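Inspection log for the structure reproduced underneath, given as structure tokens.
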Amino acid sequence: EAAPAESAAGDVAAMDFGSLLGAGAAPAQHAIVVKMLEACLRLRVSLKESAAAVFAAVGIANADEYHRAWPALLSLDQSAEGTASLLKQAGTKGSAAEPGDDVPLLRP
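Going by the working numbering, 74 is the number at position 69 of the sequence shown; the sequence numbering is gapless.
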């Protein structure tokens, strides 16, 4: 029987992060990824591989795209270009916020 660390490493390699985090994925599929990443953290295995798979799934291939990392991860959208795109998405979901508008929650 495989040790937990070896099993987790095999599970990470077998997961299709692209479909689990893709545009058509349901919240339950996102939860699978979160639980798998939590297990990797607890077991301290496959951290580099799982992080690389998540970044690849949201279209961040190299360090030059660091400015897109958080917006792409938070929105699970490969086309997110920066924080302004997050505000624009919030504005299309019923809020009147537009990029450049003051956001009351963010004011000191």
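C-beta: ideal position from N, C-alpha, C; glycine also.
None of the values given here were measured: they were computed from a predicted structure.
How is the alpha helix (DSSP H) around residue i delimited, first residue to last?
i     : result
Gln34 : Pro32 to Leu48
Val59 : Leu52 to Ala62
Gly23 : Phe22 to Leu25
Using C-beta distances below 8 angstroms, list every residue in its chain close to residue i, excluding the 5 sequence neighbours before and after it, in chain order.
i     : result
Leu52 : Cys45 and Leu46
Could you check what DSSP says for residue i in three-state terms: helix, strand or coil?
i      : result
Leu92  : helix
Asp82  : coil
Ala28  : coil
Ala18  : helix
Leu111 : Any reading at Leu111 needs caution, since the residue's pLDDT is 48, under 50, leaving its predicted position unreliable; the model's value is listed next. Leu111 falls in the helix class under three-state DSSP.
Ala74  : helix
Ala68  : helix
Ala101 : Model confidence at Ala101 stands at a pLDDT of 49, short of 50, so the residue's coordinates are unreliable; what they give is reported in the following sentence. Here Ala101 sits in coil by DSSP.
Check the C-beta distance from residue i over to residue j and give it rounded, since I have them as a contact under 8 angstroms.
i     : j     : result
Ala58 : Phe22 : 4 angstroms
Leu26 : Leu81 : 5 angstroms
CB-CB under 7 angstroms to residue i, same chain, minus the five flanking residues each way: which ones, in chain order?
i      : result
Gln83  : Val63, Gly64 and Ala77
Thr88  : Pro76
Ser24  : Ala30
Leu111 : Note that Leu111 scores a pLDDT of 48, beneath 50, so its modelled location is shaky and nothing firm can be said.
Lys40  : none
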